[in-house]
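Chemist:
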Amino acid sequence: MTTFGYTLFSELNGPRELVAQAEAAEAAGFDSAVISDHFHPWLDSHTDSPFAWTVLGAVAARTERIRLATLVTCPTIRYHPAIIAQAAATVAVLSGGRFTLAVGAGENLNEHVVGRGWPPVDIRQERLAEAVEAMRELWQGGWVTYRGKHITVEDARLYTLPDQPPEVLIAGSGPEAMSLAATASDGLVATEPDAELISAFARDGGAGKRTLGQVALSYDTDEAKARQHAMRFKFGVSGWKVMSELPNPVNFEAATSTVREEDITELVACGPDPEVHVAAIKEFVDAGFGEVCVVQVGDDHEGFFRFWEDELRPRLG
């Protein structure tokens, strides 16, 4: 049975708003709440980019049932994996074991800010694999020294640990990321409703593991306004190879300057018609994703939660 999550869209909302939305998502019956872990927003016209881990701590304390996850964290450049292992363990304890750490190889947009450069994709994947190994060792307790090709943990121990280590999901669609997700993680994260991706993940060793997809929606009772709001998601039109490489929100703004409303509506379901939104969500369900997280790009969050409870969730079975 598919479960459904709500994405805390931190590029358009401040920390107080995100915590309130997480509470509302739980009340509306969502199964999970996920948040991006960015230093910058995607676009210069976006308004916010709070520290995800502070928000997660507050959400963990203010909710009771809903599962929580990053979507996603890069634990290799801007952060050291020992720090993320500690952060994840703390949120897992605070939430009573409701936290999942979803990780990826990162975007130049966020990782270049610490001045350590932006390595090629094969090196990024190697670093990610080592980071996952190191974090899993730290979550076992005891003193850890880990020396990989890229990652070093020196004589470290986590004193605050959950009863069970956090599950780790890995984001990706390329062969290296897919192989790593299938063999070294508890599941896959993807943003395309691609059934072949799920099949390949299963063939590579991921059969029976979690599969989480994310879909953007722009709900508003005024369809014209919903289409305008959907333009806030225009960064997704460029595709992942561009999204992972551009260094700053101003670059994304420039790269997407020619995107039209008719282009973005192919990516984002818009308007007040529930069938339009259900069709977008069901693409992921039909592709075989066990978990689908929605992003509400529009401004009317209170209306969206009512729309979810009254119109969307009943149609999704």
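Numbering (this note's numbering), first residue to last: 1 to 317.
Backbone N, C-alpha and C define an ideal beta-carbon position, used for all residues, glycine too.
Kindly indicate which three-state DSSP category I151 falls into: helix, strand or coil?
Modeler: coil
Chemist: Provide the residue span of the beta strand (DSSP E) that contains S218, from first to last.
Modeler: 210-218
Chemist: For the beta strand (DSSP E) holding E17, just list the boundary residues, first then last.
Modeler: Note, E17: premise wrong, no beta strand (DSSP E); alpha helix (DSSP H) at 15-27.
Chemist: In terms of DSSP beta bridges, what is F233 paired with?
Modeler: DSSP output for F233 lists no bridge partner at all.
Chemist: DSSP three-state call for L316: helix, strand or coil?
Modeler: Secondary structure at L316: coil, using DSSP grouped into helix, strand and coil.
Chemist: Out of T160, L197, G303, A269, which one is the CA nearest neighbour of A177?
Modeler: L197
Chemist: Is S257 helix, strand or coil when you go by DSSP?
Modeler: coil
Chemist: Return the CA-CA distance between M135 and N13, expressed in angstroms with no decimal places.
Modeler: 30 Å
Chemist: Taking the alpha helix (DSSP H) that S244 belongs to, which residues open and close that run?
Modeler: Note, S244: premise wrong, no alpha helix (DSSP H); not H, not E.
Chemist: Taking the C-alpha atoms as reference points, what is the distance between F305 and A224?
Modeler: 20 Å
Chemist: Would you grab the beta carbon distance between A216 and V297 for me? Rounded to a whole angstrom, and I think it's under 8 Å.
Modeler: 6 Å
Chemist: Touching or not, the segment 13-26 and the segment 43-57, by the rule of three or more beta carbon pairs under 8 Å?
Modeler: yes
Chemist: Comparing C-alpha positions only, which one of I123, E130, T100, G106 sits nearest to T320?
Modeler: Nothing about residue 320 can be reported from this structure: the residues present for the chain run from 1 to 317 only.
Chemist: Which term fits T256, buried or exposed, when burial requires 16 or more other beta carbons within 10 angstroms of its beta carbon?
Modeler: buried
Chemist: On the criterion of 16 or more Cβ atoms from any shown chain inside 10 Å, does T73 qualify as buried, or is it exposed?
Modeler: Only buried fits T73, as 16 or more other CB atoms lie within 10 angstroms of its CB.
Chemist: Just list the beta strand (DSSP E) runs in the segment 91-130, keeping only unbroken ones of 3 residues or longer that don't cross its boundaries, in chain order.
Modeler: 99-103
Chemist: What residue from L94, E64, R65, F30 has the CA that sits closest to T54's CA?
Modeler: L94
Chemist: Look up L43 in the DSSP assignment and say whether it is helix, strand or coil.
Modeler: It is coil, neither helix nor strand.
Chemist: Which same chain residues end up closer than 6 Å to A105 when comparing Cβ atoms and leaving out the 5 residues on each side of it in sequence?
Modeler: R124, Q125, L128
Chemist: For I35, which residues does DSSP report across the bridge?
Modeler: L8, T70
Chemist: Check each candidate in W139, N248, S36 and name the one with the smallest Cα separation from S10.
Modeler: The candidate whose alpha carbon is nearest that of S10 is S36.
Chemist: DSSP three-state label for I198, please.
Modeler: helix
Chemist: Between which two residues does the beta strand (DSSP E) harbouring L267 extend?
Modeler: Premise fails: L267 is in no beta strand (DSSP E) and is neither H nor E.
Chemist: For a quick check, are the C-beta atoms of L68 and F30 less than 8 Å apart?
Modeler: no
Chemist: Where Q228 and G148 are concerned, what is the direct C-alpha to C-alpha distance, given to the nearest angstrom?
Modeler: 47 Å
Chemist: So, for T145: in the same chain, excluding its five sequence neighbours on each side, which residues have a beta-carbon less than 8 Å away from its beta-carbon?
Modeler: V153, E154, D155, A156
Chemist: Can we say the segment 309-317 touches the segment 279-291, given the rule of at least three CB pairs closer than 8 Å?
Modeler: yes
Chemist: Of the choices G303, D163, Q21, G172, whose alpha-carbon is the least far from that of D220?
Modeler: Taking D220 as reference, the option from G303, D163, Q21, G172 with the minimal CA-CA separation is G303.
Chemist: Assign Y159 to one of two classes, buried (16 or more other C-beta atoms within 10 Å of its C-beta) or exposed (fewer than that).
Modeler: exposed
Chemist: So, under 8 Å CB-CB, V132 and V168 are touching, yes? Tell me the CB distance rounded to an integer number of Å.
Modeler: 6 Å
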